[in-house]
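K.L.:
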Amino acid sequence: MPVYYYIFLAVALFSIGVIGVLIRRNAIIIFMCVELMLNAANLLLVAFSKMHHQVLMKTNPTAASDAQVFVFFIMVVAAAEVSVGLAIIVMMYRNTHSVDVNFLNRLKN
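With the sequence shown counted from 1, adding 153 to any position gets you my numbering.
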């Protein structure tokens, strides 16, 4: 499968994530859109790693692919981010009975 299919999919996912972060006011939806953008970046890393690995295997058969290791670490950090982020959103809901980020901006004053 050509790599530009993966690039197109990753750009589409990242664009949906950016639009969701900019337009939506619900903290949970914004959080999911940020995760969508991280997954789009992971998809690009894996796609380029596979493309680079195929080219590298022709010249040096003992070479290793490092981008997939980076994706693993990004997924571990994203899992930690999800747990902390959801805990913050749950505490925000318990205190304010709303997950609207505009309501939180009014709490600063």
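For glycine and all other residues, C-beta sits at the position ideal for the given N, C-alpha and C. Only a predicted model underlies this, so the values are computations on that prediction, with no experimental measurement involved.
Within 10 angstroms of its Cβ, does A180 collect 16 or more other Cβ (buried), or is it exposed?
P.N.:
With 16 or more other Cβ atoms within 10 Å, it is buried.
K.L.:
Determine, using beta-carbon pairs with one atom in the stretch 163 to 179 and one in the stretch 240 to 259, whether at least three such pairs fall under 8 Å.
P.N.:
Touching, yes.
K.L.:
Give the range of the alpha helix (DSSP H) segment to which V156 is assigned.
P.N.:
V156 to I176 is the span of the alpha helix (DSSP H), which, as asked, contains V156.
K.L.:
By a C-beta neighbour count over all protein chains shown, 10 Å radius and 16 as the cutoff for buried, is F184 buried or exposed?
P.N.:
When all chains shown are included, F184 counts as buried.
K.L.:
What three-state label does DSSP hand N192 in the structure shown?
P.N.:
Helix, per DSSP.
K.L.:
May I ask which residues mark the beginning and end of the alpha helix (DSSP H) holding M248?
P.N.:
For clarity, residue 248 is Asn in the given sequence; the question names Met instead. Looking at the DSSP string, the run of the alpha helix (DSSP H) that includes N248 is A220 to T249.
K.L.:
Output yes or no for whether 8 Å exceeds the beta carbon distance between L189 and Y159.
P.N.:
For L189 and Y159, no; Cβs fall outside 8 Å.
K.L.:
For L162, which of I172, A194 and I182 has the nearest alpha-carbon?
P.N.:
Nearest option by C-alpha distance: A194.
K.L.:
Quick check on L166: buried or exposed, where buried means 16 or more other Cβ atoms within 10 Å of its Cβ?
P.N.:
Buried is the call here.
K.L.:
Using three-state DSSP, classify N213 as helix, strand or coil.
P.N.:
Coil, per DSSP.
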